[in-house]
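Residue numbers (my numbering): 11 to 582.
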């Protein structure tokens with residue numbers, strides 16, 4: 011009896027997992043390059059299980075640990091849930107890992123903090139006695155300096171130049187596993203390469219991830235290359251049907267995948283707007299459809315997909331046209347104000363609202379005291395006596411009222427608060443102080459004054475859009491996710507992404523910034539095209555011509571490309 015696709019893919023996957031274990035046993039550092047849907051997490055879990063079964067005695071006797079570094083706290087929790095009681099494997103974020111090592115060098119740590127000028131405004135070296143890291147905000151309290159997230163990374167990279175420090179890390183963590191390696195901080199990975207891997211010294215490293223799924227971050231390392239790293243490719247796709255896998259294999263022939271499902275009722279389709287004969291947008295959005303036409307076409311397209319293909323069963327719409335999204339999701343003023351910072355998700359105010367203000371409000375609303383403790387950091391239990399209960403109750407009431415008005419109203423509540431210390435980031439504190447000191451100067455009026463006048467509802471809409479559960483998304487939150495159906499809208503809106511320029515170009519002729527831009531575009535294109543299990547529709551709202559059209563025909567087949575008018579007139 012012939013084997014089915016799943017059995018064939020599973021056999022190949024098992025062979026590769028055995029190869030990973032064999033490399034682990036050899037002591038050589040390795041990189042598992044796992045394409046979309048290939049079971050990276052499964053392989054990582056197999057390695058963890060094998061280490062627990064086989065290295066318990068040798069490592070436990072020496073009181074050594076295996077570090078398993080992952081990108082998010084949620085990832086840490088997932089790995090921790092699989093470990094045995096009192097396991098010698100420690101799942102943690104890179105910040106936790108870095109702090110756990112550098113804090114052991116207390117005297118040198120204080121010295122380096124001063125040398126690198128990692129101090130709040132107005133603070134000198136003799137204003138603090140100890141250095142701690144808890145909530146990721148930089149401030150001094152009770153002669154203790156608390157570090158910012160970025161400070162910990164910079165200090166760790168500096169400490170890596172110290173031989174004694176490297177020896178300590180090697181003794182404590184003879185094996186270091188890194189999940190989603192491509193998103194790791196370049197400053198740290200470069201030091202691991204320079205001092206350990208390239209010199210064949212130090213811990214054994216196991217990197218798990220996919221360089222093609224690096225979502226653009228200036229600080230991310232991307233692909234990790236060294237002659238001393240064994241590269242092991244995962245060659246199965248357990249997510250997508252054959253029609254999707256064929257597209258991915260055409261896109262990435264150096265890592266071909268075996269489709270693991272016999273289901274074959276999906277499809278791929280490229281829908282262009284080459285049928286539009288009117289005037290297109292100019293300037294920043296050159297070539298884009300007029301906004302009203304753009305929104306109308308997307309709405310009509312989704313309606314037809316829902317009607318003809320039950321698209322609304324489980325789907326997501328991935329958009330690169332952020333301006334149109336802002337109008338649909340009602341945060342257009344905030345987009346115009348924050349511009350690239352909102353597009354990149356790295357604005358200090360937005361980060362503060364996302365990581366502190368909204369989690370704190372939710373915790374108060376739901377009466378979850380432990381969550382309040384988590385948000386504020388371990389500075390003591392947040393509500394210890396009756397008077398504090400009244401303070402917190404008044405704070406919740408005022409914050410609720412502020413959230414119904416403007417960003418400025420929310421900030422006023424936070425800064426006028428008495429009896430509760432909210433971890434407000436230094437950049438936010440600094441800009442707020444500048445505004446209060448002279449609200450009529452150009453900075454105050456045009457920047458902070460404008461921001462504070464925007465309805466806070468736009469912040470809530472933005473955070474909802476950026477969440478991984480949103481019906482609409484850009485690159486935020488989509489990596490690692492999968493959906494039955496994906497509508498991928500390609501248009502103007504972000505300087506970082508111009509698929510019509512880079513997809514189909516000869517990358518071997520590109521250098522420097524041009525090559526970096528190509529990789530950035532290629533990666534996001536790959537990530538978006540590899541999310542669906544069953545159906546993928548590309549809706550391209552800018553003109554499709556030249557090398558881009560040739561590339562699309564090669565990837566999807568000329569029979570799967572049509573204009574918007576042709577698709578809308580089709581009978582299923």
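Even for Gly, the Cβ is constructed at its ideal location relative to N, Cα and C.
For residue i, the nearest candidate out of the options (CA to CA)
{"i": "residue 499", "options": "527, 474, 551", "result": "551"}
{"i": "residue 58", "options": "48, 72, 101", "result": "101"}
{"i": "residue 26", "options": "161, 16, 48, 15", "result": "48"}
{"i": "residue 326", "options": "546, 574, 95", "result": "546"}
{"i": "residue 436", "options": "156, 109, 74", "result": "156"}
{"i": "residue 360", "options": "473, 428, 464, 430", "result": "473"}
{"i": "residue 233", "options": "195, 555, 135, 367", "result": "195"}
{"i": "residue 18", "options": "106, 124, 252, 270", "result": "270"}
{"i": "residue 35", "options": "403, 185, 87, 165", "result": "185"}
{"i": "residue 117", "options": "129, 404, 141", "result": "141"}
{"i": "residue 120", "options": "205, 135, 106, 91", "result": "135"}
{"i": "residue 579", "options": "314, 266, 363", "result": "314"}
{"i": "residue 105", "options": "166, 70, 124", "result": "166"}
{"i": "residue 115", "options": "173, 75, 87", "result": "173"}
{"i": "residue 16", "options": "252, 223, 278", "result": "252"}
{"i": "residue 514", "options": "275, 559, 385", "result": "559"}
{"i": "residue 496", "options": "471, 143, 382, 536", "result": "536"}
{"i": "residue 568", "options": "441, 223, 280", "result": "280"}
{"i": "residue 76", "options": "61, 89, 88", "result": "61"}
{"i": "residue 468", "options": "448, 429, 417", "result": "417"}
{"i": "residue 307", "options": "582, 576, 22", "result": "576"}
{"i": "residue 52", "options": "407, 374, 89", "result": "89"}
{"i": "residue 201", "options": "171, 190, 549, 328", "result": "171"}
{"i": "residue 324", "options": "411, 492, 523", "result": "492"}
Residues near residue i by beta carbon distance below 6 Å, same chain, minus five either side
{"i": "residue 389", "result": "Because residue 389 sits at a pLDDT of 47, beneath the cut-off of 50, its placement in the model cannot be relied upon, and the following sentence gives the value as read from the coordinates. If we look at residue 389 and ignore the five residues flanking it on each side, it has no Cβ neighbours."}
{"i": "residue 517", "result": "528"}
{"i": "residue 409", "result": "371, 423"}
{"i": "residue 187", "result": "78, 216"}
{"i": "residue 415", "result": "none"}
{"i": "residue 50", "result": "44, 218"}
{"i": "residue 240", "result": "33, 38, 40"}
{"i": "residue 175", "result": "169"}
Anticipated Cβ contact below 8 Å, residue i with residue j, distance rounded
{"i": "residue 203", "j": "residue 236", "result": "6 Å"}
{"i": "residue 502", "j": "residue 298", "result": "4 Å"}
{"i": "residue 463", "j": "residue 445", "result": "That belief does not hold up - the Cβ atoms of residue 463 and residue 445 are roughly 12 Å apart, past 8 Å."}
{"i": "residue 531", "j": "residue 494", "result": "The pair is not a contact, with the Cβ atoms about 26 Å apart (cut-off 8 Å)."}
{"i": "residue 153", "j": "residue 138", "result": "5 Å"}
{"i": "residue 433", "j": "residue 366", "result": "6 Å"}
{"i": "residue 242", "j": "residue 30", "result": "6 Å"}
{"i": "residue 180", "j": "residue 213", "result": "6 Å"}
{"i": "residue 250", "j": "residue 542", "result": "6 Å"}
{"i": "residue 544", "j": "residue 276", "result": "4 Å"}
{"i": "residue 554", "j": "residue 284", "result": "6 Å"}
Own chain partners of residue i with C-beta closer than 7 Å, once the 5 adjacent residues on each side are dropped
{"i": "residue 133", "result": "150"}
{"i": "residue 260", "result": "564, 565"}
{"i": "residue 438", "result": "358, 359, 362"}
{"i": "residue 453", "result": "Model confidence at residue 453 stands at a pLDDT of 46, short of 50, so the residue's coordinates are unreliable and nothing is read from them."}
{"i": "residue 255", "result": "247, 267, 269"}
{"i": "residue 124", "result": "135"}
{"i": "residue 55", "result": "92"}
{"i": "residue 572", "result": "281"}
{"i": "residue 354", "result": "Unreliable positioning characterises residue 354 in this predicted model, as indicated by a pLDDT of 49, which lies under 50. The coordinate reading is nonetheless provided below. Excluding positions up to five away in sequence, the list is empty."}
{"i": "residue 161", "result": "128, 148"}
{"i": "residue 427", "result": "405"}
{"i": "residue 373", "result": "381, 382, 385"}
Nonlocal neighbours in the same chain, by C-beta distance under 8 Å from residue i, ignoring five residues either side
{"i": "residue 238", "result": "38, 39, 207, 208, 210"}
{"i": "residue 66", "result": "98"}
{"i": "residue 286", "result": "299, 303, 574"}
{"i": "residue 168", "result": "122, 126"}
{"i": "residue 257", "result": "278, 539, 546, 565, 566"}
Inset, instruction - Taking 8 Å as the threshold, find out whether the segment 558 to 567 comes into contact with the segment 309 to 322 through three or more Cβ pairs. - result: no
Legend entry - Validate contact between the segment 33 to 44 and the segment 202 to 220 using beta carbons, cut 8 Å, 3 pairs: yes
Inset, instruction - Could I get the ranges of all uninterrupted beta strand (DSSP E) runs contained in the segment 180 to 255, with 3 residues as the minimum, in chain order? - result: 185 to 189, 214 to 219, 239 to 244
Inset, instruction - Evaluate the contact criterion for the segment 110 to 124 versus the segment 83 to 99: three or more CB pairs, one atom per stretch, below 8 Å. - result: no
Inset, instruction - Would you check if there are 3 or more beta carbon pairs closer than 8 Å linking the segment 78 to 88 to the segment 519 to 527? - result: no
Inset, instruction - Just list the alpha helix (DSSP H) runs in the segment 440 to 470, keeping only unbroken ones of 4 residues or longer that don't cross its boundaries, in chain order. - result: 459 to 462
Inset, instruction - Jot down the residue ranges of each uninterrupted alpha helix (DSSP H) in the segment 497 to 545, minimum 4 residues, whole runs only, in chain order. - result: 509 to 512, 522 to 539
Inset, instruction - Counting only runs of 4+ residues fully inside the segment 88 to 161, write out the alpha helix (DSSP H) ranges in chain order. - result: 104 to 112, 116 to 125
Inset, instruction - At 4 residues or longer, and completely inside the segment 248 to 312: list those alpha helix (DSSP H) runs for me, N to C. - result: 252 to 261
Legend entry - Complete beta strand (DSSP E) runs within the segment 18 to 48 (minimum length 3 residues, chain order): 39 to 44
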